[in-house]
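First up is the structure itself, then whatever we jot down about it.
Number of protein chains: 2
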Amino acid sequence: MQQRSEETRSKIIEAATTLFSKHGYDATGVAEICTTAGVSKGAFYHHFPTKQAVFMTLLETWLADIDTGFELIRQQSPNVSETIIQMAQMAGGVFQAADVRLSIFLEFWMQAHRDPEIWQAAIAPYRRYQDFFAGLVSQGIADGSLRSVDPEAAARLLVSQAVGMLMQALFDPAGANWAVEVEQSMRLLMDGLKSSEQ
Amino acid sequence: MQQRSEETRSKIIEAATTLFSKHGYDATGVAEICTTAGVSKGAFYHHFPTKQAVFMTLLETWLADIDTGFELIRQQSPNVSETIIQMAQMAGGVFQAADVRLSIFLEFWMQAHRDPEIWQAAIAPYRRYQDFFAGLVSQGIADGSLRSVDPEAAARLLVSQAVGMLMQALFDPAGANWAVEVEQSMRLLMDGLKSSEQ
DNA sequence: GAATAAAAACCGACCGGTCGGTATGATTTT
DNA sequence: AAAATCATACCGACCGGTCGGTTTTTATTC
Chain A
9 MQQRSEETRS KIIEAATTLF SKHGYDATGV AEICTTAGVS KGAFYHHFPT
59 KQAVFMTLLE TWLADIDTGF ELIRQQSPNV SETIIQMAQM AGGVFQAADV
109 RLSIFLEFWM QAHRDPEIWQ AAIAPYRRYQ DFFAGLVSQG IADGSLRSVD
159 PEAAARLLVS QAVGMLMQAL FDPAGANWAV EVEQSMRLLM DGLKSSEQ
Chain B
9 MQQRSEETRS KIIEAATTLF SKHGYDATGV AEICTTAGVS KGAFYHHFPT
59 KQAVFMTLLE TWLADIDTGF ELIRQQSPNV SETIIQMAQM AGGVFQAADV
109 RLSIFLEFWM QAHRDPEIWQ AAIAPYRRYQ DFFAGLVSQG IADGSLRSVD
159 PEAAARLLVS QAVGMLMQAL FDPAGANWAV EVEQSMRLLM DGLKSSEQ
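Protein chains in written order, with this note's numbering: chain A, 9 to 206; chain B, 9 to 206.
This is the structure:
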């Protein structure tokens, strides 16, 4: 049994998660992670080859979470507009619960912008989301619920909206009740995309 | 004459601008800035009390630029939808020309998120933009060109869209011709906000 | 199941190097 | 010559990562 090993590993990840989001990636020292996790530096470098490796692990976890969440929603709701709004609501839930994760996304973007390895790990799923929404919009157009717009463009609109909201919520958390605002904005946006017949 | 003094100061700012955007704030050392600017460390700390002060100076410059740009556009174009789209186009211009500045905004957000001083310097103009667009939308509703929506919500939609596009352009510059995409998305969005009569 | 060997996990002192900032003196400008 | 401006050497703190050694777990043998 490697139970102890898994425990330390998860303790490291947990500590890294909170510290990265609180102080950022660069500002968080490996030593700090270790003390917070109640683990020695040796243990840290036993489990992860480098600080960046921890970051990558976190990233993969977040992305996987989002993927499953999206897929779940898509299966449950047949209506396209409602699907998208529900996804926004899910994002809204993330806003509230996870000050923790949110900053990491930002930090991650910074890293991705400079580090080719991280960029590769990120650009793929990112483009998947683009396609995902384009597919949703196409579906909506096909079933007549949405106006006949360019699905790619509409998808970019949706993704931009989500990203922008995420950013604002991160930047000015107290500026609004973002969980509410997200839904409101999303409905407004989807209203603009709805076909005039319904 | 303080001509020499001004020259060194501007050389420092110029070097800091490019280096911050290329490697980020943390990763850029004061020494690096100095060598790039062809200036000694003593000169640096004669002109700026701290590295952060340079950053703040840059920030104020960007914000002032945006402000004047917006005001200019608003004066030139009386039509609300067109005004907003033109602003988006201006943003598109920024996308292309200024890889330089773009990353700094992101970096700036990171800093702002942690440093109360920077946050204060940033949140004020940010909320100004929010109000600015809310005002524009109100104007559009009043003159009958826009649907009767909540101006605050619509403004948030617009700001989110701009922010989101900015982020995507930064994150995946080669993923699309963003100058074009921005206009397209903005038109799509504004179409959704237009009153049905025109 | 006790003993033992091998492997995995863990510890914490330590290293090379970097960084922001300072101290002090030289050089220019007025 | 006084004041502003710039150059250089330097400091202390810190950081990511290494390393030799210790403890704990697992596998094996009797």
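Idealized CB from N, CA, C, for every residue including glycine.
Check	Outcome
Let me know if E79 of chain B comes out buried or exposed under the rule of 16 or more other beta-carbons within 10 Å of its beta-carbon.	exposed
If you follow the alpha helix (DSSP H) that L71 of chain A is in, where does it begin and where does it stop?	K59 to Q84
Against chain B, with Cβ distances strictly below 8 Å, would D117 of chain A count as a contact?	Here residue 117 of chain A turns out to be Trp, not Asp, going by the sequence shown. Yes, W117 of chain A lies at the interface with chain B (some Cβ there is under 8 Å from its Cβ).
Assuming contact is defined by CB atoms lying nearer than 8 Å, are G77 of chain B and A187 of chain B in contact in what I supplied?	no
M173 of chain A CB to nearest chain B CB: under 8 Å?	yes
Mind checking which residues open and close the alpha helix (DSSP H) that includes P181 of chain A?	Counting along the chain, P181 of chain A falls outside any alpha helix (DSSP H), and DSSP gives it neither H nor E.
Alpha carbon to alpha carbon, how far is G46 of chain B from G143 of chain B?	46 Å
In angstroms, rounded to a whole number, what distance separates the CA positions of Q128 of chain B and R12 of chain A?	45 Å
State the CB to CB distance for the pair L67 of chain B and F116 of chain B, rounded to an integer number of angstroms; the pair is presumed to be in contact (CB under 8 Å).	6 Å
If distances are taken between C-alpha atoms only, which option among A:F28, A:L197, A:G200 and A:M95 comes closest to R122 of chain B?	A:F28
Among all the DSSP beta bridges, which residues are the ones paired with L154 of chain B?	B:K202
Once the 5 residues before and after R17 of chain B are set aside, which same chain residues still bring their CB inside 7 Å of it?	H55
Using the three-state DSSP reduction, which class does G46 of chain A fall into: helix, strand or coil?	coil
May I have the straight-line CA-CA distance separating L201 of chain B from A182 of chain A, to the nearest angstrom?	27 Å
So S89 of chain B and G152 of chain B are supposed to be a Cβ contact under 8 Å. How far apart are they, rounded?	That belief does not hold up - the Cβ atoms of S89 of chain B and G152 of chain B are roughly 12 Å apart, past 8 Å.
Between F142 of chain B and chain A, is there a C-beta pair that is closer than 8 Å?	Note on residue identity: the sequence assigns Ala, not Phe, to residue 142 of chain B. By this cut-off, A142 of chain B is not an interface position.
At what residues does the alpha helix (DSSP H) containing F28 of chain A begin and finish?	Q11 to H31
Does the distance from the C-beta atom of A5 of chain A to that of A170 of chain A stay below 8 Å?	With chain A covering only 9 through 206, there is no way to say anything about residue 5 of chain A.
Thinking C-alpha only, which one of B:Y33, B:I112, B:E22 and B:L196 is nearest S168 of chain A?	B:L196
Using a C-beta cutoff of 8 Å, does E189 of chain A count as contacting chain B?	yes
For a test of the three-state rule: what should DSSP assign to D139 of chain A, helix, strand or coil?	helix
Quick check on Q192 of chain A: buried or exposed, where buried means 16 or more other Cβ atoms within 10 Å of its Cβ?	buried
By DSSP, does T36 of chain A sit in helix, in strand, or in coil?	coil
Flag this pair as yes or no: are the beta carbons of T58 of chain A and I21 of chain A separated by less than 8 Å?	no
I'd like to know if L165 of chain B contacts chain A, where contact means its C-beta is closer than 8 Å to some C-beta of that chain.	yes
Suppose the cutoff is 7 Å on Cβ atoms and the five residues either side in sequence are ignored; what does the same chain contact list for A35 of chain A look like?	none
Could you name the residues of chain A that L201 of chain B contacts, counting a contact when the two beta carbons are closer than 7 Å?	G200
Excluding the five sequence neighbours on either side, which residues of its own chain have a C-beta within less than 7 Å of the C-beta of L154 of chain A, listed in chain order?	V88, V145, G148, L201, K202 and S203
Suppose you measure from the CA of K19 of chain A to the CA of T69 of chain A; what does that come to, to the nearest Å?	15 Å
State buried or exposed for Q176 of chain A, treating a residue as buried only when at least 16 other CB atoms are found within 10 Å of its CB.	buried
Which of the three DSSP states is assigned to F56 of chain B in this structure?	coil
Buried or exposed: which applies to S156 of chain A, given that a residue is buried once 16 or more other Cβ atoms fall within 10 Å of its Cβ?	exposed
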